[in-house]
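Step one of this worksheet: look at the structure below.
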Amino acid sequence: MRLENLEEYTGLKCLWLECNGLQKIENLEAQTELRCLFLHQNLINKIENLERLQKLDSLNLSNNYIKTIENLSCLPVLNTLQISHNQLQTVEDVQHLQECQSISVLDLSHNKLDNPTVINILEKMPNLHVLNLMGNELIKKIPNYRKIVTVRLKELTYLDDRPVFPKDRACAEAWARGGREAETEERERWETKERKKIQDSIDALSEVRRQAEERKRMKEMDNKGETLRS
């Protein structure tokens, strides 16, 4: 099936084309206002013909047959790229990502990536905040995978299936500096800080209650005084 007859629809912001048996990305030249393009679950094997989509923010190419990430650096505001369940395998297959400086959310899950040096490419993406690598062999080949990726990708706030909290980052960085002992010390510092924050909140609430009770008591005394004077 081909993608065609879209020329008259020039103001589209979102386009859902999933599950259509499409084999090629084509005939999108008129869609200059497009923000979101959903092409997942098709038969596409090449990323191409997206140059005119200068406002594209989100692109979903999951569940296709793509072997190489390419031709995306022409999209200056591309924020989200979903390309899970494809045929990406080597470092060269994803090397183009380092030219895609605007990408913040990247889903590479369930491909065939097996070389840990893929992280070297991801490290060159300055705005990468959310990353999913689940279902790739490289995860098994990186000792202390989660800590390593957290330390190397400085802006990451979500990795795979859960957030990277500030505490997680601080502990991972301590581990990188001084091993497990340094990590344990850093974790204890954070836990002490968290306990103090909770205790401060409890103390503040107790003080609010105490002041409320004091105001109530003073009001009752004033009312009693007025009753006696009457």
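Using UniProt numbering, the letters of the sequence shown map in sequence onto residues 1 to 230. The beta-carbon is built from N, C-alpha and C at its ideal position, and this holds for glycine as well. The structure displayed is predicted, hence computed values, not measured ones.
query, result
"Val118 classed as buried or exposed, judged by whether at least 16 other C-beta atoms fall within 10 angstroms", "buried"
"Under the three-state DSSP convention, the category Thr10 falls into", "coil"
"Of the residues Leu37, Leu133, Leu81, the one placed nearest Pro116, counting alpha carbons only", "Leu133"
"Selected residue, minimal CA-CA separation from Ser84, among Trp175, Ser102, Gln41, Asn71", "Gln41"
"Asp168 Cβ short of 7 Å to the ligand FMN heavy atom set", "You won't find the ligand FMN in this model; it holds no ligand whatsoever."
"Extent of the continuous alpha helix (DSSP H) to which Leu59 belongs", "Here Leu59 belongs to no alpha helix (DSSP H); instead the beta strand (DSSP E) covers 58-60."
"Straight-line Cα distance separating Lys193 from Gln211", "27 Å"
"Beta-carbon proximity check, Leu122 vs Leu97, cutoff 8 Å", "yes"
"One or two residues paired with Pro163 in a DSSP bridge", "Tyr158"
"With 16 other Cβ atoms within 10 Å as the buried cut-off, status of Gln199", "exposed"
"C-beta contact flag for Ile142 and Ile148 at 8 Å", "yes"
"Other residues of its chain near Leu22: CB distance less than 8 Å, five sequence neighbours each side excluded", "Met1, Arg2, Leu3, Leu39, Asn42, Leu43, Ile44"
"Spatial neighbours of Ile25 in its chain, beta-carbon cut-off 8 Å, leaving aside the 5 residues before and after", "Leu3, Leu39, Ile44, Lys46, Ile47, Glu48, Asn49, Leu50"
"Exposed unless 16 or more other CB atoms sit within 10 angstroms - verdict on Glu183", "buried"
"Identity of the residue in Arg189, Tyr145, Leu131 nearest Pro163 by Cα", "Leu131"
"As assigned by DSSP and simplified to three states, the class of Gln82", "strand"
"Leu106 vs Leu78 beta-carbon contact at 8 Å", "no"
"Short Cβ contact (8 Å threshold) for Glu70 with Lys55", "no"
"Distance between beta carbons of Glu186 and Ala170, contact taken as under 8 Å", "6 Å"
"Secondary structure of Asn132, DSSP reduced to three states", "strand"
"Straight-line Cα distance separating Pro126 from Glu214", "55 Å"
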